[in-house]
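K.L.:
Take the sequence shown: its position 133, counted from the start at 1, is 145 in the numbering used here, and no numbers get skipped.
Beta carbons are placed, not taken as given, at the ideal position from N, Cα and C, and that holds for glycine.
Values in this document were obtained by computation on a predicted structure and should not be read as measured data.
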Amino acid sequence: MTAFGKYYTIVILGASGDLAAKKTFPALYGLYREKQLSRDCQIIGYARSDLSPEKFHDKISQHLKGGDDETKKGFLKLCTYVRGQYDTDEGYQKLEKRCTDYESQHSDERPERLFYLALPPSQFTEVCEHIKKNVYPKKDNGIIRVVIEKPFGHDLKSARELQNSIAPLFSEEEIYRIDHYLGKEMVKNLLVLRFGNELFSGVWNKSHIALIQVSFKEPFGTEGRGGYFDTIGIIRDVMQNHLLQILTLLTMDRPVSFDPEAVRDEKVKVLKAFDTIDANDVLVGQYDKSEDGKKPSYLDDETVAKDSKCITYCAMGIKIHNERWDGVPMVLRAGKALDEGKVEIRIQFKPVARGMFKDIHRNELVIRVQPDEAIYLKINSKIPGVSTETSLTDLDLTYSKRYSKDFWIPEAYESLLRDVLHGNHANFVRDDELDVSWKLFTPFLEALENDPNLNLEKYPYGSKGPKGLRDFLTKHGYVFNEPGSYQWPLTEPDVKGKI
Ligand code: BG6
């Protein structure tokens, strides 16, 4: 697909909601501020609320960051509001009129329309049907792009139902399924890092890698959204999508090019080689009150069932049966209400041959996705000076130290919306990819949810997670560095051998 030209319409459906106010409009503004959005496009917010133009502007202004007043004013000038229902034609017809009026002023251009559904998935099908019926560009050469957000279903069956209801309306080329982790800078760097460096490319396999870990830690609980979370839990919320996406990028084979379909073909291929996830190879937990009693337990959240068995922490083992990875343990772990907020990837390498060395440390490549993007490689090096001993230190690429602060690194949503405007699907989830990921996770989730004896370990709010975590990681082959054995010349993150 080609990039949008100068004159295009962006419609945000669900414009009065939280996602639109906190993510979608700020992302569009970020693109505008960085001159990545046409000054001549139009942006229409669509929702049921009765909002005057001023109220609408007030609402979307709240979360716009950076830029001066002039820039904000310029952006707001592009944004108008249409009030309408989601389940009747009338509002969509008003939208169609807005689009055609604007397009008729540029009648030599082809109509280009982007619809962003900042709406709950229960409304996707109905809204898509109305878009197709009322607002699909009529001109032969018109372009439409429809952006939807996770959750894409609750399990394989519902994901397929959703897919089957949308597929007859829009071609796969017209649909962009957002997993916002694919827009994060460090996640976008993974393929370059892996395939652009012989140093990594040559050793990225079972002969050299001992273990791959992807971890997601959040320092807060369900605060305010327990009702939603209670029906899905941490596995559906971030593991089946965000963490699996990262693991897929870490384990796929080299695509022939950066062409979106070449990349997505390889992702699907490796996903198909994933072994069934073993519901016995997990550690699951639910957070309890903090040790000082100040932070609530999960069950204290009034919006969740009092006897909820919802999983707020999970560590799971994954195996891939292909030539590259057979026998290499992979661990995904994610938790809420932990001691810190951090998303990182750890690739631990196999030990070097002994003989020359006794108890020498393993190399470890750490890719910190957030906060404070960094890539560091733990290496053994001689202690400087007269000593002949080795110590573990690192080659450190911490972005904030290496790159100027003025350098614009787009936020995930900015990056992905820019991709949509450019017609680039590489960082979006394809239908078959979604299907394989649900095939993988559905039996695993069902086994956990139907297990009457599920060992849901309680862990204190603000802790590292369930007590069994260190043993779980050790069992999967991760070797911890003893506190003090690792010298951090520049960065401080896990001096104490944090897990
Ligand atoms: C969302 C989850 O997809 O990702 C949230 O629904 C989670 O529960 C969020 O907090 C994390 O995203 P980020 O970008 O803040 O790491």
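Quick test of the definition: if touching needs 3 or more C-beta pairs under 8 Å, does the stretch 78-93 touch the stretch 451-466?
P.N.:
no
K.L.:
Mind checking which residues open and close the beta strand (DSSP E) that includes Leu129?
P.N.:
Here residue 129 corresponds to residue number 117 of the sequence shown, with the count starting at 1. Taken as a continuous stretch (DSSP letters only), the beta strand (DSSP E) holding Leu129 covers 124-129.
K.L.:
Just how far apart, CA to CA, sit Gly42 and Lys229?
P.N.:
Taking the sequence shown and counting its residues from 1, one reaches residue 42 at position 30. Taking the sequence shown and counting its residues from 1, one reaches residue 229 at position 217. Distance from the CA atom of Gly42 to the CA atom of Lys229, rounded to whole angstroms, is 27 Å.
K.L.:
From Gly509 to Glu494, what distance separates their C-alpha atoms?
P.N.:
Position 497 of the sequence shown, counting from 1, holds the residue named residue 509. Position 482 of the sequence shown, counting from 1, holds the residue named residue 494. Residue confidence is low: Gly509 scores 45 on pLDDT, short of 50, so the model does not pin down where it sits. No coordinate-derived value is stated.
K.L.:
Could you check where the alpha helix (DSSP H) with Glu210 kicks off and where it finishes?
P.N.:
Taking the first residue of the sequence shown as position 1, residue 210 is located at position 198. Here the alpha helix (DSSP H) through Glu210 covers 210-213.
K.L.:
Measure the Cβ-Cβ separation of Ile190 and Gly245 and say whether it is below 8 Å.
P.N.:
By 1-based counting over the sequence shown, the position of residue 190 is 178. By 1-based counting over the sequence shown, the position of residue 245 is 233. Result no, Cβ atoms of Ile190 and Gly245 do not sit closer than 8 Å.
K.L.:
Which residues bound the beta strand (DSSP E) around Gly57?
P.N.:
On the sequence shown, position 45 is the one that residue 57 refers to. Residue range 54-59 is occupied by the beta strand (DSSP E) that includes Gly57.
K.L.:
Within 7 Å: the Cβ of Asp384 and any heavy atom of ligand 1?
P.N.:
Taking the first residue of the sequence shown as 1, we reach residue 384 at position 372. No, since every heavy atom of ligand 1 falls outside the 7 Å radius drawn around the Cβ of Asp384.
K.L.:
For Phe232, count the other beta carbons within 10 Å of its own beta carbon; 16 or more makes it buried, fewer makes it exposed. Which is it?
P.N.:
Indexing the sequence shown from 1 puts residue 232 at position 220. Answer is exposed; the Cβ neighbour count stays below 16.
K.L.:
Please look up how many angstroms separate the CB atoms of Leu223 and Val340, rounded, as I've assumed it's under 8 Å.
P.N.:
As a first step, residue 223 is located in the sequence shown; it is residue number 211 there, counting from the start. As a first step, residue 340 is located in the sequence shown; it is residue number 328 there, counting from the start. With a Cβ gap of about 7 Å, Leu223 and Val340 count as contacting.
K.L.:
Buried or exposed: where does Tyr44 fall if 16 or more other Cβ atoms within 10 Å of its Cβ makes it buried?
P.N.:
Along the sequence shown, read from residue 1 onward, the residue named residue 44 stands at position 32. Buried, since its Cβ has 16 or more Cβ neighbours within 10 Å.
K.L.:
For Asp300, which option in Thr288, Asp293, Asp319, Asp287 has the closest C-alpha, if you only look at C-alpha atoms?
P.N.:
Numbered from 1 along the sequence shown, position 288 holds the residue referred to as residue 300. For Asp300, the nearest C-alpha among the options comes from Asp319.
K.L.:
Classify Gln117: buried if its beta carbon has 16 or more other beta carbons within 10 angstroms, exposed otherwise.
P.N.:
Counting from one through the sequence shown, the residue named residue 117 turns up at place 105. Gln117 is exposed by the Cβ-count criterion.
K.L.:
Could you spell out the range, first to last residue, of the alpha helix (DSSP H) harbouring Tyr471?
P.N.:
Counting from 1 along the sequence shown, the entry for residue 471 is found at position 459. Unbroken run through Tyr471 is the beta strand (DSSP E), 468-472; no alpha helix (DSSP H).
K.L.:
Quick one: is the Cβ of Glu230 within less than 7 Å of any heavy atom of ligand 1?
P.N.:
Mapped onto the sequence shown, residue 230 falls at position 218. Under cutoff, so the answer is yes.
K.L.:
Whose CA, out of Phe87, Gly347, Thr83, lies closest to the CA of Glu526?
P.N.:
In this structure the chain extends from 13 to 511, so residue 526 is not present and cannot be described.
K.L.:
Can you tell me whether Val159 sits near ligand 1, meaning its C-beta is under 7 Å from at least one heavy atom of the ligand?
P.N.:
Looking up residue 159 in the sequence shown gives position 147. No; taking the cut-off as 7 Å, the Cβ of Val159 has no heavy atom of ligand 1 nearer than that.
K.L.:
Tell me whether Ala424 counts as near ligand 1, meaning its Cβ is closer than 7 Å to at least one heavy atom of that ligand.
P.N.:
Translated into the one-based positions of the sequence shown, residue 424 becomes position 412. Checking every heavy atom of ligand 1 against the Cβ of Ala424, one is found closer than 7 Å.
K.L.:
Give me the residue from His434, Gly474, Tyr415, Ile379 with the minimum Cα distance to Val204.
P.N.:
As a position in the sequence shown, residue 204 is number 192, starting the count at 1. Comparing Cα-Cα distances from Val204 to each of His434, Gly474, Tyr415, Ile379, the minimum goes to Ile379.
K.L.:
Provide the residue span of the alpha helix (DSSP H) that contains Arg157, from first to last.
P.N.:
The residue you call residue 157 lines up with position 145 of the sequence shown. Note, Arg157: premise wrong, no alpha helix (DSSP H); beta strand (DSSP E) at 155-161.
K.L.:
Taking Asp287 and Lys331 to be in contact with their CB atoms under 8 Å, please state how far apart those CB atoms are, rounded to whole angstroms.
P.N.:
Within the sequence shown, numbered from 1, the residue matching residue 287 stands at position 275. Within the sequence shown, numbered from 1, the residue matching residue 331 stands at position 319. 4 Å between Cβ atoms; contact.
K.L.:
Is the stretch 419-434 touching the stretch 191-198, taking contact as three or more C-beta pairs under 8 Å?
P.N.:
yes
K.L.:
Ignore the nearest five residues each way along the sequence and tell me which others in Gly154's own chain have a CB closer than 6 Å to its CB.
P.N.:
To locate residue 154, count along the sequence shown from 1; it is residue 142. If we look at Gly154 and ignore the five residues flanking it on each side, its Cβ neighbours are Arg122, Pro123.
K.L.:
Can you list, in chain order, the residues of its chain whose CB lies under 6 Å from that of Ser50, leaving out five sequence neighbours each side?
P.N.:
By one-based count along the sequence shown, residue 50 stands at place 38. The answer, listed in chain order, is Lys18.
K.L.:
Based on Cα-Cα distance, which residue from Ala386, Asp371, His437 lies nearest to Phe492?
P.N.:
Taking the first residue of the sequence shown as position 1, residue 492 is located at position 480. It is Asp371.
K.L.:
Mind checking which residues open and close the alpha helix (DSSP H) that includes Asp300?
P.N.:
Taking the sequence shown and counting its residues from 1, the one referred to as residue 300 is at position 288. No alpha helix (DSSP H) contains Asp300, which is instead part of the beta strand (DSSP E) from 294-300.
K.L.:
Report yes if the C-beta of Val23 is less than 7 Å from at least one heavy atom of ligand 1; otherwise report no.
P.N.:
Taking the sequence shown and counting its residues from 1, one reaches residue 23 at position 11. Checking every heavy atom of ligand 1 against the Cβ of Val23, none is found closer than 7 Å.
K.L.:
Can you check whether the CB of Tyr128 is closer than 8 Å to the CB of Val23?
P.N.:
Locating residue 23 in the sequence shown gives position 11, counting from the first residue. Locating residue 128 in the sequence shown gives position 116, counting from the first residue. Contact flag set, yes.
K.L.:
Report whether the distance from the Cβ of Val343 to the nearest heavy atom of ligand 1 is below 7 Å.
P.N.:
Within the sequence shown, the letter at position 331 stands for residue 343. Because no heavy atom of ligand 1 lies under 7 Å away, the Cβ of Val343 does not count as near it: no.
K.L.:
Nearer than 7 Å: is that true of the beta carbon of Asp249 relative to any heavy atom of ligand 1?
P.N.:
Within the sequence shown, the letter at position 237 stands for residue 249. Yes; taking the cut-off as 7 Å, the Cβ of Asp249 has a heavy atom of ligand 1 nearer than that.
K.L.:
Suppose only complete runs of 3+ residues qualify. What are the beta strand (DSSP E) ranges in the stretch 63-102, listed by chain order?
P.N.:
91-95
K.L.:
Run through the stretch 242-327 for me and flag every whole alpha helix (DSSP H) of 4 or more residues, listed as ranges in chain order.
P.N.:
256-263, 272-284
K.L.:
Should Gly367 be labelled buried (16 or more other beta-carbon atoms within 10 Å of its own) or exposed?
P.N.:
Here residue 367 is taken as the residue at index 355 of the sequence shown, counted from 1. Exposed.
K.L.:
Put Asn217 into one of helix, strand or coil per three-state DSSP.
P.N.:
Start at 1 with the first residue of the sequence shown, and residue 217 comes out as number 205. In the structure shown, the three-state DSSP call for Asn217 is coil.
K.L.:
Could you give the DSSP three-state label for Ile395: helix, strand or coil?
P.N.:
Counting from 1 along the sequence shown, the entry for residue 395 is found at position 383. Ile395: coil per DSSP, three-state reduction.
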